[in-house]
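Data block below; observations after.
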Amino acid sequence: MQDLEDMFSHYGRIINSRVLVDQASGVSRGVAFIRFDKRSEAEDAIKHLNGHTPPGSAEPITVKFATNPNQARGSQVMSQMYHGQSRRFGGPVHHQAQRFRFSPMSVDHVSSSSASGNSPNGWCIFIYNLGQEADEAILWQLFGPFGAVVNVKVIRDFNTSKCKGFGFVTMSNYEEAAMAIHSLNGYRLGDKVLQVSFKTSKGHK
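Residue numbers (the UniProt record's numbering): 1 to 205.
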C-alpha cells in the first residue's frame, strides 16, 4: 500500500487510502481506494499515469475517471490491478491484466430520490447481507469506481425505514458489472460480509 501511495502522492495530497482484501485468504483483491485533496490532483495523476507500467508490473495500466468528474466535489481514486502480479501493490494475484481507475465521488450528490424509479436497461446486481444502516450512498461509493452506475436502491422496512439487508445496483456495462461482482463478493462492510451477484441471468434486466 505504501508503494501505491508513493506513486500517487507525486500528484497531490492523499487524504486517505484503503486496500480491499479477500477476507478468507487475506490476499489483496488488487483493488485500492485513494482520495486526493483536490479533483485537479486526480486529473493530473490520470494525465501522467495512464498507459504507465509500474515497477514490478508486466503491463501498462489504464487510468481514468470511472464516473463524470463534474458530478463530484471530492476526488476519490480507485486503483484496480485485476489479475496483476505485483506484490508491491498488496500481494500476489493471478496474472492476466491490470488496470487502474480514478473515481471521484461525493455522497452529497447521492440521495434516495436519485436512486428510485425506473432505471434504463442495464445489468442488475443483487447485494445481500447489508447492514441496517446501509443507504444508497454506500452502494454508490462501492460500485461507482467500477464504471457507469445508472441506478442504486436499498430495500427498506416500511415501518422502520431501516435496510432490510439487501439492495440492487444497475450498471450499464456488463464487463464493469462483472468486475464489480468479482471484487465485491465476499467484501466485508462493517461487520457484514457481502454476497454480490447478478440479480438473475447475465442478460439485460
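Glycine is no exception: its CB is placed at the ideal position from the N, C-alpha and C atoms.
Q | Nearest candidate by alpha-carbon position, reference residue 131, set 122, 124 and 190 | A | Taking the first residue of the sequence shown as 1, we reach residue 131 at position 131. Comparing Cα positions, the closest option is 190.
Q: For the alpha helix (DSSP H) holding residue 40, just list the boundary residues, first then last.
A: For the purposes of this step, residue 40 is taken as the residue at position 40 of the sequence shown. Taken as a continuous stretch (DSSP letters only), the alpha helix (DSSP H) holding residue 40 covers 39-49.
Q: Would you identify the three-state DSSP class for residue 141, choosing helix, strand or coil?
A: As a working note, residue 141 is residue 141 in the sequence shown. Three-state result, residue 141: helix.
Q) Near residue 152, which residues of its chain fall below 6 Å by C-beta distance, leaving aside the five closest residues on each side in sequence? A) Along the sequence shown, one-based indexing puts residue 152 at 152. Closer than 6 Å at the Cβ level, and outside the excluded window around residue 152, lie 115, 136, 139, 140 and 169.
**Q.** C-alpha gap between residue 4 and residue 195, whole angstroms
**A.** Sequence index remark: in the sequence shown, residue 4 carries index 4 (1-based). Sequence index remark: in the sequence shown, residue 195 carries index 195 (1-based). The alpha-carbon atoms of residue 4 and residue 195 are separated by roughly 28 Å.
Q: Name the one or two DSSP bridge partners that residue 171 has.
A: For the purposes of this step, residue 171 is taken as the residue at position 171 of the sequence shown. Its beta-bridge partners are 123 and 149.
Q.
Going by the DSSP bridge assignment, what does residue 192 pair with across the sheet?
A. As a first step, residue 192 is located in the sequence shown; it is residue number 192 there, counting from the start. For residue 192, which the question treats as bridged, DSSP gives the partners 189.
Q. Looking at residue 61 and residue 54, is the spacing between their C-beta atoms short of 8 Å?
A. Indexing the sequence shown from 1 puts residue 54 at position 54. Indexing the sequence shown from 1 puts residue 61 at position 61. It is a contact, given that the beta carbons lie within the stated cut-off.
Q) DSSP on residue 15, reduced to helix/strand/coil? A) Here residue 15 refers to the residue found at position 15 of the sequence shown. If DSSP states are grouped into helix, strand and coil, residue 15 belongs with the strands.
Q: Can you tell me which of the three DSSP states residue 197 falls into?
A: Residue mapping note: residue 197 aligns to position 197 of the sequence shown, counting from 1. Residue 197: strand per DSSP, three-state reduction.
(Q) Using the Cβ count rule (16 or more neighbours within 10 Å means buried), how would you classify residue 118? (A) Working through the sequence shown from its first residue, we reach residue 118 at position 118. Below a pLDDT of 50, predicted positions are generally treated as unreliable, and residue 118, at 36, falls in that range; the measurement from the model is reported next regardless. Classification for residue 118: exposed.
Q) Among 57, 7 and 125, which residue has its Cα nearest to the Cα of residue 142? A) Position 142 of the sequence shown, counted from the start, is the residue given in the question as residue 142. The residue with the shortest Cα to Cα distance from residue 142 is 125.
Q | Backbone secondary structure at residue 10 - three-state DSSP | A | Taking the first residue of the sequence shown as 1, we reach residue 10 at position 10. Reduced to three states, the DSSP call for residue 10 is coil.
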